[in-house]
Amino acid sequence: MTGVALEEVWFSYGRREVLRGLSLRTTPGGVVAFLGPNGSGKSTLLKLVLGLHTPSRGTVRLDGEDVRRIPRRALARRLAYVPQLHREAFAYTVAEVVLMGRMPHAGAVSGYGAADRRAVAEALSALGIGHLAARPYTQVSGGERQLTLIARALAQGARTLVMDEPTNGLDYGNQVRLLERVGELARQGVAFLFSSHHPDHALAAADRVILLAQGRVVGDGPPAVAITAASLSALYGVDVRMVTVQEGVEVCVPGLRLRDGPGAAAPPARGAGV
Amino acid sequence: MDAVATAEVRLIGRTRRGAAVLLGLAALLLLAVAISLCMGKYPLRPGELARWLLQSTTGHGALADARMRLLHDLLVEVRLPRIVAACLVGAALAVAGAGFQAMFVNPLVSPSLLGVLAGASFGAALGIVACRTWPEVQVATLLGGLLAVALTVGIAAAYRVGGTLVLVLAGIVVSTFFNALVWLVKYLADPQNQLPAIVYWLMGNMALADRTAVTRAALPILLGVGTLMAMGRQLDALSMGDEEARALGLNVRAVRAVVIAAATLVSALTVVLAGVVGWVGLVVPHATRMVVGPGHRLLLPACALVGAVYVLAMDDLSRLAFAFEIPIGIVTALLGIPFFLAVLGNARKGWSG
Numbered sequence: 001m002t003g004v005a006l007e008e009v010w011f012s013y014g015r016r017e018v019l020r021g022l023s024l025r026t027t028p029g030g031v032v033a034f035l036g037p038n039g040s041g042k043s044t045l046l047k048l049v050l051g052l053h054t055p056s057r058g059t060v061r062l063d064g065e066d067v068r069r070i071p072r073r074a075l076a077r078r079l080a081y082v083p084q085l086h087r088e089a090f091a092y093t094v095a096e097v098v099l100m101g102r103m104p105h106a107g108a109v110s111g112y113g114a115a116d117r118r119a120v121a122e123a124l125s126a127l128g129i130g131h132l133a134a135r136p137y138t139q140v141s142g143g144e145r146q147l148t149l150i151a152r153a154l155a156q157g158a159r160t161l162v163m164d165e166p167t168n169g170l171d172y173g174n175q176v177r178l179l180e181r182v183g184e185l186a187r188q189g190v191a192f193l194f195s196s197h198h199p200d201h202a203l204a205a206a207d208r209v210i211l212l213a214q215g216r217v218v219g220d221g222p223p224a225v226a227i228t229a230a231s232l233s234a235l236y237g238v239d240v241r242m243v244t245v246q247e248g249v250e251v252c253v254p255g256l257r258l259r260d261g262p263g264a265a266a267p268p269a270r271g272a273g274v
Numbered sequence: 275m276d277a278v279a280t281a282e283v284r285l286i287g288r289t290r291r292g293a294a295v296l297l298g299l300a301a302l303l304l305l306a307v308a309i310s311l312c313m314g315k316y317p318l319r320p321g322e323l324a325r326w327l328l329q330s331t332t333g334h335g336a337l338a339d340a341r342m343r344l345l346h347d348l349l350v351e352v353r354l355p356r357i358v359a360a361c362l363v364g365a366a367l368a369v370a371g372a373g374f375q376a377m378f379v380n381p382l383v384s385p386s387l388l389g390v391l392a393g394a395s396f397g398a399a400l401g402i403v404a405c406r407t408w409p410e411v412q413v414a415t416l417l418g419g420l421l422a423v424a425l426t427v428g429i430a431a432a433y434r435v436g437g438t439l440v441l442v443l444a445g446i447v448v449s450t451f452f453n454a455l456v457w458l459v460k461y462l463a464d465p466q467n468q469l470p471a472i473v474y475w476l477m478g479n480m481a482l483a484d485r486t487a488v489t490r491a492a493l494p495i496l497l498g499v500g501t502l503m504a505m506g507r508q509l510d511a512l513s514m515g516d517e518e519a520r521a522l523g524l525n526v527r528a529v530r531a532v533v534i535a536a537a538t539l540v541s542a543l544t545v546v547l548a549g550v551v552g553w554v555g556l557v558v559p560h561a562t563r564m565v566v567g568p569g570h571r572l573l574l575p576a577c578a579l580v581g582a583v584y585v586l587a588m589d590d591l592s593r594l595a596f597a598f599e600i601p602i603g604i605v606t607a608l609l610g611i612p613f614f615l616a617v618l619g620n621a622r623k624g625w626s627g
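In the order they appear, the protein sequences are chains A and B.
Going by this note's numbering, the letters in the first sequence line up with residues 1 to 274, in that order.
Going by this note's numbering, the letters in the second sequence line up with residues 275 to 627, in that order.
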C-alpha cells in the first residue's frame, strides 16, 4: 500500500466539477507525468495529493494513509510541492528560499540549526546552484528559480516531489536542463509526480504517463504505450503525429497546416526517420 | 563537498552579520534615547546626564541633592515616559506593518489594513465625547480597535472564501464604516471643547503619554511585538503565499490568526498612547528591508529597533522644531511621504523581480 492512491475522488470549484470519480494508484519511486488539456484537472489532482484541497467525495491516500489524517508538518516531510514559476513579493536570497524547506524540521523554539544549514547546502549543491546562494531569488533566471524551488523541496527531506508544470515559463534550454536534473534525481531515488503541457517532456522524463480529460483518467501506461498519435490527437483535439528521431526515441509533432507547401502537404508516415 | 561547505559558510556569515546589525541598531536606539533625554525646553549637556545617571545608580557623585531631585523630575517624570511611549509606538507599528506585509504578500500594506486604526479612532472620539476620565477614553480606544478588526474577520469568515483578498475587502469596508462614525461623532461633538480635542488627538500626539498609561500599555505591546518577532520563520513561509506555506507544513489559519491578533493589539495600543501616527508601519519596514533583507527572522527585530528610533526622532522634531509643538502624526506623514517616494523605486524592484 505504498505510493499515492486516489480512490473515486470527486472535486469541484463551486459548481464546476473538475474531478469526477477519478481513481489511480502510483508505486513509490519513478517519475509519473500527467498530461491533459487545460481544465482537465491536472493541477487540482496534484493539490489534492498535497492535501491543499479536500475531495468532496472519495479518498486520497499516501502510503495507505488518508492524507487528511496526516498532520501538515508530517506530510511536508514526505511530500514536497514545487509550484509553478511565480514572481515573489520579497527578494529573499536563494539560500533563504531553500532554508524555508526546513520549516517542517525546525524546532518550535530553537528554530533552524546546524543540521538545517547543512541540508540547505547539500540541496543547493545537488542542483548545482551553490554559487547562487547569496543572490536574490527575484534576480536569478527563471530556470535558476525553478532549480531553487526543487532544492527547497529536497531540503524538505521529502522522497516525493509534486511539480505543477515545472517547465512552464522557462526558455527552451532551461526546459531541457530542468528535465535532465529531474532524470538525475530520479536515478538517485527521488520520486516525481509532475504535470505538463508538453507530451515530449513526459516522453523524455517519465516512466509512466497518465492522460486526464474532463476529470477522468483516459490513458495510463509507460510513455511509449500511453503517448501515441491517436491518444494525443484525441486528448487535445488536434492532429498530432509521432516521429522517430532515432532508435527508440520518439517525439510528437503537430500536423499544422498553416500554409500550403510541400512540408504541409506530405504527411509524414508514422515511424519514418528524419 | 566544497560547494556545500561554501554555501554553509555563507548562511552562517549571514546570521553573524544579522546579529551585528541588531547590536548596532540597539546602540543607535540607546544613543537616540540619551539625546532625547537631553533635548527640550530645558536643555541638558550630555555630561550632566552621565553624571546624574552615575550618581543615581551608584549613590556617589558631586551633584547637590536639590539638583538631583530636579533632574529626576525632569528626566524620569517628564521626559522618559514620553520617550518610552515613542519607542513603543514606533516598534509596535513597524513590526505590525512588517507582519501584515508578509501575511498579505504585499510590501505596500500598512497595519491599518483591517480597520484597527479607524476603529480605535472611533473609540477615542466616542470616549472624548462620552467618558469623563482619560483612562476611560483609553479603554474605549482599545476596544474600538479590537472591535473593528473582529468585525473585519467576522465578515471575511461569513463569506467562506479562503485567502486574504476577502479579508482585505472586508477591512476596507470596516475602515470606511468606522471613519464615517468618527465624522458622525465629530459632527455631534461640542464644538468648543470636544471637537478640538478629537481633532487634535487623531492627528497623533505624544504629549499625553503619562507614566501610568505607558506602564500599563508597555507589557501588552512588548508581548505582542515579541510574539510577532518569534514568528519570523512562519512569516517567511506565509509570504510565499498560502498554498506554498501549507505545503511547507505550516498551519496557515493558526499563524494568520496569531499575526492578526498580535498586530491588532499593538496597533490599537499605539492609538491609546499617541493617537493616530501614520506611515510608520509602511516606511520603516521598507527602509529596514533595504538594509537587512526580507528574511523575517532578522527583519522583525530590526524593524522594532528602527521603528523605535524613527518615531523617537519624529517626536523630538515635533516638540522642538518650532516654538510650539506640532502633532507627531503631521510630522510622520509629511516626512514619510517623500521618504516613501524615494524608496518606492527600490520597493518595486523587490516586488516585481
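Positions of the beta carbon are idealized from the N, C-alpha and C atoms, including for glycine.
For residue i and residue j, what's the separation of their Cα atoms in angstroms?
i	j	result
residue 635 (chain B)	residue 461 (chain B)	Past the boundaries of the shown model lies residue 635 (chain B); chain B is included only from 275 to 627, so the question cannot be answered.
residue 139 (chain A)	residue 93 (chain A)	9 Å
residue 505 (chain B)	residue 498 (chain B)	11 Å
residue 179 (chain A)	residue 110 (chain A)	37 Å
residue 159 (chain A)	residue 55 (chain A)	24 Å
residue 322 (chain B)	residue 483 (chain B)	25 Å
residue 38 (chain A)	residue 134 (chain A)	37 Å
residue 567 (chain B)	residue 147 (chain A)	22 Å
residue 61 (chain A)	residue 4 (chain A)	6 Å
residue 325 (chain B)	residue 294 (chain B)	29 Å
residue 480 (chain B)	residue 12 (chain A)	54 Å
residue 449 (chain B)	residue 459 (chain B)	15 Å
residue 413 (chain B)	residue 333 (chain B)	40 Å
residue 579 (chain B)	residue 368 (chain B)	9 Å
residue 208 (chain A)	residue 428 (chain B)	47 Å
residue 535 (chain B)	residue 586 (chain B)	25 Å
residue 627 (chain B)	residue 89 (chain A)	A caution first: residue 627 (chain B) carries a pLDDT of 36, below 50, which makes its placement in the model too unreliable to give a value.
residue 347 (chain B)	residue 507 (chain B)	44 Å
Do residue i and residue j have their C-beta atoms within less than 8 Å of each other?
i	j	result
residue 28 (chain A)	residue 2 (chain A)	yes
residue 220 (chain A)	residue 210 (chain A)	yes
residue 440 (chain B)	residue 430 (chain B)	yes
residue 517 (chain B)	residue 149 (chain A)	no
residue 569 (chain B)	residue 96 (chain A)	yes
residue 603 (chain B)	residue 478 (chain B)	yes
residue 126 (chain A)	residue 154 (chain A)	yes
residue 469 (chain B)	residue 463 (chain B)	yes
residue 342 (chain B)	residue 329 (chain B)	yes
residue 513 (chain B)	residue 379 (chain B)	yes
residue 192 (chain A)	residue 49 (chain A)	no
residue 241 (chain A)	residue 253 (chain A)	yes
residue 182 (chain A)	residue 213 (chain A)	no
residue 237 (chain A)	residue 20 (chain A)	no
Apart from the five residues just before and just after residue i, which ones in its own chain have a Cβ nearer than 7 Å to its Cβ?
i	result
residue 195 (chain A)	34, 42, 43, 46, 164, 165
residue 104 (chain A)	73, 76, 77, 156
residue 471 (chain B)	402
residue 112 (chain A)	99, 102, 106
residue 539 (chain B)	494, 498
So which residues of chain B does residue i contact, with C-beta pairs closer than 8 Å?
i	result
residue 13 (chain A)	The premise fails here: residue 13 (chain A) is roughly 11 Å from chain B at the closest Cβ pair, so nothing lies under 8 Å.
residue 72 (chain A)	520, 523, 524, 525
Give the interface partners of residue i over in chain A, defined as CB-CB distance under 9 Å, in chain order.
i	result
residue 569 (chain B)	90, 92, 93, 96, 99
residue 381 (chain B)	89, 90
Given that residue i touches chain B, what residues does it touch there, using C-beta distances under 9 Å?
i	result
residue 76 (chain A)	520, 521, 522, 523, 524
residue 103 (chain A)	507, 508, 510, 511, 519, 522, 523, 524
residue 83 (chain A)	514, 515, 517, 518, 521
residue 50 (chain A)	517, 520, 521
Please compile the residues from chain B whose C-beta is within a distance smaller than 7 Å of the C-beta of residue i.
i	result
residue 113 (chain A)	By Cβ distance, chain B contributes nothing, its closest Cβ being about 11 Å from residue 113 (chain A), past 7 Å.
residue 106 (chain A)	507
Within 7 Å: the Cβ of residue i and any heavy atom of the ligand MN?
i	result
residue 296 (chain B)	This structure lacks the ligand MN; in fact it carries no ligand of any kind.
Under 8 Å Cβ to Cβ from residue i, same chain only, skipping five residues before and after it: list those, please.
i	result
residue 492 (chain B)	358, 362
residue 614 (chain B)	553, 556, 557, 560
residue 520 (chain B)	526
residue 18 (chain A)	11, 12, 39, 41, 44, 215
Spatial neighbours of residue i within its chain, please: C-beta separation below 6 Å, excluding the five flanking residues on both sides.
i	result
residue 488 (chain B)	355, 358, 359
residue 81 (chain A)	50, 162
residue 8 (chain A)	21, 23, 58
Q | Continuous beta strand (DSSP E) assignments of at least 3 residues falling wholly in the stretch 32–99 of chain A | A | As far as the stretch 32–99 of chain A is concerned, its whole beta strand (DSSP E) runs of at least 3 residues are 57–62, 79–82.
Q.
Quick check on the DSSP output: what are the complete alpha helix (DSSP H) runs of length 4 or more inside the stretch 142–172 of chain A, in order along the chain?
A. 142–155
**Q.** Continuous alpha helix (DSSP H) assignments of at least 4 residues falling wholly in the stretch 289–335 of chain B
**A.** Taken in chain order, the unbroken stretches of alpha helix (DSSP H) that lie wholly in the stretch 289–335 of chain B and span 4 residues or more are 320–332.
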